[in-house]
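Numbering (the UniProt record's numbering), first residue to last: 1 to 177.
Worksheet for the structure shown next.
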């Protein structure tokens with residue numbers, strides 16, 4: 001069976017521009033051009049697009065997918081294992097954040113003790129526990145989303161100025177949208 005770009009795009013619920021982009025980066029090229037310079041795709045191209053869609057669901061980049069599909073060796077397993085390890089590390093970091101927030105919310109005395117710790121000390125403590133700046137911003141985002149009043153209280157306890165608190169909460173709120 002042969003496919004035009006429109007038919008192939010519809011079959012995979014993709015936009016025509018996505019397939020054009022895949023062609024431009026060499027990920028999925030048509031077998032030929034038909035009348036009117038239309039791109040024509042083969043059944044083999046359709047199967048390749050199925051593989052691309054599967055790998056995209058794992059979170060691999062298009063460049064990485066291209067390397068896997070173009071490789072004579074089977075590097076798919078290695079790539080997928082690396083991606084799995086990356087996801088596992090992210091999950092572990094999120095669990096640490098989750099436990100930290102739960103402890104703060106469950107123990108009001110802990111919140112009071114945190115007031116002794118200034119922002120810089122807490123930031124350093126979190127970084128030494130493996131929670132980087134990006135993760136700390138995600139923490140603010142989730143704190144604001146789930147417990148806005150407690151987030152306000154937490155920021156005040158850290159000794160932040162009202163302007164700083166306002167900026168952090170505003171950013172956290174915007175990130176939810």
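Here a beta-carbon is modelled for each residue, glycine too, at the ideal position from N, C-alpha and C.
Can you give the Cα-Cα distance for residue 16 and residue 93, rounded to whole angstroms? Translated into positions along the chain shown, residue 16 becomes position 16. Translated into positions along the chain shown, residue 93 becomes position 93. For residue 16 and residue 93, the distance between alpha carbons rounds to 38 Å.
Excluding the five sequence neighbours on either side, which residues of its own chain have a C-beta within less than 7 Å of the C-beta of residue 58, listed in chain order? For the purposes of this step, residue 58 is taken as the residue at position 58 of the chain shown. Cβ within range, chain order: 80, 83.
List the DSSP bridge partners of residue 4. Residue 4 sits at position 4 when you count from the first residue of the chain shown. Partner(s): 40.
Pick from 78, 54, 139, 155: whose alpha carbon is nearest that of residue 98? The residue you call residue 98 lines up with position 98 of the chain shown. When only C-alpha atoms are compared, the closest one is 139.
Between residue 22 and the rest of its own chain, which residues show a CB-CB distance below 6 Å, the 5 nearest in sequence each way excluded? Translated into the one-based positions of the chain shown, residue 22 becomes position 22. Closer than 6 Å at the Cβ level, and outside the excluded window around residue 22, lie 28.
With a 10 Å radius around its C-beta and 16 neighbouring C-beta atoms as the bar for buried, classify residue 39 as buried or exposed. The sequence position of residue 39 within the chain shown is 39, counting from 1. By the neighbour-count rule (16 or more Cβ atoms within 10 Å), residue 39 is buried.
What's the C-alpha gap between residue 20 and residue 144? Numbered from 1 along the chain shown, position 20 holds the residue referred to as residue 20. Numbered from 1 along the chain shown, position 144 holds the residue referred to as residue 144. Spanning the two alpha carbons is a distance of roughly 40 Å.
Can you find the residues in the same chain that come closer than 7 Å, C-beta to C-beta, to residue 64, ignoring five residues on each side of it along the sequence? Here the question's residue 64 lines up with position 64 in the chain shown. Cβ neighbours of residue 64 beyond the five flanking positions: 79.
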